[in-house]
Amino acid sequence: MWDYTDTVMDHFKNPRNVGVIENPDGVGEVGSLACGDALKLTFKLADDGHIADAKFQTFGCASAIASSSALTEMIKGMTIEAADKVTNQDIAEFLGGLPEQKMHCSVMGREALEVAIENYRTGKTSKTILQGKIICNCFGITEDEIKDVVRNNGLTTAEQVTNYCKAGGGCGGCIHKIDEIIENIQAEIKKAATLAPAKAMTVLEKIRLIEETMEREIRPMLRRDGGDIDLIDVDGDRVVIGFRGMCAQCHVADFTMKEVVEAKLREFVSPTLTVEESRS
Amino acid sequence: MKNVYMDNNATTRVAPEVVDVMLPFFGELWGNPSSMHYFGGQVARHIEAARAQVAALIGADPTEIVFTSCGSESDNMATRGGLEAAGPQIRLITSRVEHAAILGPARHYAEHGGEVVEIGVDASGQLDLAELHRELANGHALVSLMWANNETGVIFPIDEIAAMVKQAGSVFHTDAVQAVGKLPIDVRRTPVDMLSLSGHKLHAPKGIGALYVRKGTKLNPFLLGGHQESGRRGGTENVPYIVGLGKACDMAAHYLGEETTRVAALRNRLELGLLDTCPDTSINGDRIKRLPNTCNISFQFIEGEGILYHMSDAGIAASSGSACTSGSLEPSHVIRAMGVPFTAAHGSIRFSLCRYNTEEEVDYVIETLPPIITRLRELSPFV
Numbered sequence: 020m021w022d023y024t025d026t027v028m029d030h031f032k033n034p035r036n037v038g039v040i041e042n043p044d045g046v047g048e049v050g051s052l053a054c055g056d057a058l059k060l061t062f063k064l065a066d067d068g069h070i071a072d073a074k075f076q077t078f079g080c081a082s083a084i085a086s087s088s089a090l091t092e093m094i095k096g097m098t099i100e101a102a103d104k105v106t107n108q109d110i111a112e113f114l115g116g117l118p119e120q121k122m123h124c125s126v127m128g129r130e131a132l133e134v135a136i137e138n139y140r141t142g143k144t145s146k147t148i149l150q151g152k153i154i155c156n157c158f159g160i161t162e163d164e165i166k167d168v169v170r171n172n173g174l175t176t177a178e179q180v181t182n183y184c185k186a187g188g189g190c191g192g193c194i195h196k197i198d199e200i201i202e203n204i205q206a207e208i209k210k211a212a213t214l215a216p217a218k219a220m221t222v223l224e225k226i227r228l229i230e231e232t233m234e235r236e237i238r239p240m241l242r243r244d245g246g247d248i249d250l251i252d253v254d255g256d257r258v259v260i261g262f263r264g265m266c267a268q269c270h271v272a273d274f275t276m277k278e279v280v281e282a283k284l285r286e287f288v289s290p291t292l293t294v295e296e297s298r299s
Numbered sequence: 005m006k007n008v009y010m011d012n013n014a015t016t017r018v019a020p021e022v023v024d025v026m027l028p029f030f031g032e033l034w035g036n037p038s039s040m041h042y043f044g045g046q047v048a049r050h051i052e053a054a055r056a057q058v059a060a061l062i063g064a065d066p067t068e069i070v071f072t073s074c075g076s077e078s079d080n081m082a083t084r085g086g087l088e089a090a091g092p093q094i095r096l097i098t099s100r101v102e103h104a105a106i107l108g109p110a111r112h113y114a115e116h117g118g119e120v121v122e123i124g125v126d127a128s129g130q131l132d133l134a135e136l137h138r139e140l141a142n143g144h145a146l147v148s149l150m151w152a153n154n155e156t157g158v159i160f161p162i163d164e165i166a167a168m169v170k171q172a173g174s175v176f177h178t179d180a181v182q183a184v185g186k187l188p189i190d191v192r193r194t195p196v197d198m199l200s201l202s203g204h205k206l207h208a209p210k211g212i213g214a215l216y217v218r219k220g221t222k223l224n225p226f227l228l229g230g231h232q233e234s235g236r237r238g239g240t241e242n243v244p245y246i247v248g249l250g251k252a253c254d255m256a257a258h259y260l261g262e263e264t265t266r267v268a269a270l271r272n273r274l275e276l277g278l279l280d281t282c283p284d285t286s287i288n289g290d291r292i293k294r295l296p297n298t299c300n301i302s303f304q305f306i307e308g309e310g311i312l313y314h315m316s317d318a319g320i321a322a323s324s325g326s327a328c329t330s331g332s333l334e335p336s337h338v339i340r341a342m343g344v345p346f347t348a349a350h351g352s353i354r355f356s357l358c359r360y361n362t363e364e365e366v367d368y369v370i371e372t373l374p375p376i377i378t379r380l381r382e383l384s385p386f387v
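Chains as they are written, first to last, in the working numbering: chain A, 20 to 299; chain B, 5 to 387.
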């Protein structure tokens, strides 16, 4: 059985706001029978511009039903602008988390919301809105959808992309295109990061940038092996760090992780930095 | 809470009689059967008795039975050991609906330069015999085709297939993990060269299986090591489980008649009951040439996982071929190979019964399931 939270099971067993609103202000229909899940979201606005009511119909697994139910609960009472800012991560968080392979259920919720809002704003049908450049033919996933999940969730592999939006999970023929999209986005992030520190940084800015780089580039790598890293001190170009967990006991830490950390910090923060490891 | 277990193609309850015969081998009879002293030597007799019990269930000679750790090991041993023994030019012919324990080795073989042919099935899950015939004519091959399918229960015409393979001069292995104990099997009548069986599908515990290897069949050992199992599988014997498997096979022979009559009647009652009470419902697979205990049924417009969770809450255990339950994104390869439309594939549920099920349990499922289906369909945008 999946490791679903109590909130997921509650929304699955007692789904809120099931059905279709008559004469809705916005309709979003995403997914299909072939994909294995589909969601139809409808909402109605009150006179003051807030979402007065939202309803859903979902074909899919327990977590797809729970994600849809959660979404309707979340957006009720919101303005369109606020609703537009709800991400798939927000839906997953509302449910107390989803198994990695089920994250696509939260993404489906976000997509339906996006389409419903665009339908409200432009009057275009779901079908027209979704007509983008399809990358994954098996599940009908567009390039924009893949870019969105990669950016919003910090994804780095095609396998993660499959877990989040299903793209690449059918015949696998588009995996290389997904890899390309990930590469391009990573290049963008890198470019943005290297352009930023061109101007002189205050110490505070430098520390913040070091922390950000560690969080994005280094920690995920260490945590995969049960380790972690702490920033201990920054003194001019000298950065003092401490390895935690598995990394702290790792005998090869001296000539591998320190070098990796140094290379990453030089790349993203400043080319003159040196890294030292604190043994305390 | 009620506990209605109808997932016997996944695993079965260990028969209490089986547990009883195993216990002494965790207690006073803990010797090594290979030892040259009475203490270990007395244990060896029990292994040979179990070997005879397993052999008897399928009409084999005891020397043709190799004990393994599970059905998957038997399948790996037969295919990988068989291919290795036959030399580099041999092709592997199998089907698109095999268990992962065959498809895994097949894909491994293909990745390492071997030629693999996967024969298709028709809408009822039956093998394309004409295609098999054509492939057999293309030269020597190791052929591995299942006796009965784990998901749909569909039975391949193994007598006919075995004869075809023999005629072509090729080697034939059958994965009979789902068939042994549910169907009469006699290797004196059916010319299979190798046959896999698994303990936990016939009321023995998990962790024990066997491979039947007809005398004279070329097969390289899969686990290299000591002289155990006549050098065909090294490693000290798993004595308690081997003894348990022997007892389970003995009991399977005894209950075989009941399996094909009473269990089949329960399955039919369940199936007709559900078809009757749930609209837009269909059976997957050949309804005649099918295991007596298996019912694979599709509920249109809904997804299997939700059905399983609601049933589980009501104390009913079954399984699904839906994408969501497998962790993959597409419905079962068996259901897809049969060309079942997506509208039905995602909502496929497998009930697999056994001799411990009762009419009362069947009626409870027939009574409990329709409201669950109705409830989930109320949520679906496709109804």
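Even for Gly, the Cβ is constructed at its ideal location relative to N, Cα and C. Every value quoted in this text rests on a predicted model; they were computed, and no experiment measured them.
Within the segment 136 to 209 of chain B, the runs of beta strand (DSSP E) at least 3 residues long that lie entirely inside it are, in chain order, 145 to 148, 175 to 179, 198 to 202.
No residue range can be given for Tyr360(B), since it is assigned to no beta strand (DSSP E) and is classified by DSSP as neither H nor E.
Nearest Cα to Ile306(B) within the set Gly47(A), Asp56(A), Glu41(A): Asp56(A). Looking at the backbone, the Cα of Asn171(A) and that of Ala102(A) are separated by about 16 Å. Just measuring C-alpha positions, the residue of Leu149(A), Glu137(A), Ile200(A) sitting nearest Val168(A) is Ile200(A). In the assembly as shown, Lys185(A) is a buried residue. Its beta-carbon has 16 or more other beta-carbons within 10 Å. Within the model, the alpha-carbon separation for Glu164(B) versus Val191(B) is close to 13 Å.
Shown here for Gln108(A): same chain residues with a beta carbon closer than 8 Å to its own, the five before and five after excluded, namely Ser125, Asn171, Asn172 in chain order.
At least 9 Å separates the CB of Phe262(A) from every CB of chain B. Annotation for Gly75(B): Val181, Ser200, Ser202, Gly213 place their beta carbon closer than 6 Å to its own, counting only its chain and skipping 5 residues before and after.
Per DSSP, the beta-bridge partners of Gln76(A) are Lys59(A). If the five residues before and after Asn242(B) are omitted, its C-beta is found closer than 8 Å to the C-beta atoms of Phe71, Ser73, Gly211, Ile212, all from its own chain and listed in chain order. Counting only the Cα atoms, Leu174(A) lies some 14 Å from Arg238(A).
Excluding sequence positions up to five before and after Gly115(A), its CB lies within less than 6 Å of the CB of Thr24, Thr26, all in the same chain and listed in chain order.
Neighbours of Pro43(A) in chain B, taken as residues whose beta carbon is under 8 Å from its own, are absent, since the nearest beta carbon is some 14 Å off.
Neighbours of Ser384(B) in chain A, taken as residues at a C-beta separation under 8 Å, are given in chain order as Gln76, Thr77, Phe78. For Phe226(B), no alpha helix (DSSP H) run applies, since DSSP gives it neither H nor E. By the Cβ test, the segment 217 to 224 of chain B is not in contact with the segment 280 to 288 of chain A, since fewer than three Cβ pairs between them sit closer than 8 Å.
DSSP places Arg266(B) in the helix class (H, G or I) of the three-state scheme. Using a C-beta cut-off of 8 Å, the segment 240 to 258 of chain B makes contact with the segment 49 to 59 of chain B, since at least three inter-stretch Cβ pairs fall below that distance.
Residue contact with chain A for Glu122(B): absent (no Cβ-Cβ distance below 9 Å to any residue of chain A). Counting C-beta pairs with one atom in each stretch, the segment 143 to 163 of chain B and the segment 172 to 188 of chain B have three or more that are closer than 8 Å, which means they touch.
Against chain B, the beta carbon of Lys152(A) has no neighbour under 7 Å; the closest one sits roughly 21 Å away. Sequence-distant partners of Lys277(A) (beyond 5 residues in either direction) whose C-beta falls short of 6 Å from its own C-beta, in its chain, are Val294, Glu296. Within chain A, no residue has its beta carbon less than 7 Å from that of Thr240(B); the closest one is some 35 Å off. Only residues of its own chain outside the window of five on either side were considered, and among them Asp56, Ala57, Leu58, Met127 have a CB closer than 7 Å to the CB of Gly50(A), listed in chain order. Taking the CA atoms as reference points, Gly45(B) sits about 10 Å from Ile51(B).
Look at Pro290(A): its C-beta is not under 9 Å from any C-beta on chain B.
Ile377(B) and Glu371(B) have their C-alpha atoms spaced approximately 11 Å apart. When DSSP states are grouped into helix, strand and coil, Val18(B) belongs to the coil group. Under the three-state reduction of DSSP output, Glu178(A) falls in the helix class. In the three-state reduction of the DSSP assignment, Phe43(B) falls in the helix class, which pools H, G and I.
Residue nearest to Glu32(B) within the set Phe43(B), Ala19(B), Glu119(B) is Phe43(B) (criterion: CA-CA distance). From the listed residues Ala48(B), Thr347(B), Leu295(B), Tyr9(B), the smallest Cα separation to Glu263(B) is found for Leu295(B). Residues of the segment 344 to 366 of chain B whose Cβ lies closer than 7 Å to any Cβ of chain A, in chain order: Phe346, Thr347, His350. Here Leu383(B) is near Phe78(A), since their CB atoms are less than 9 Å apart.
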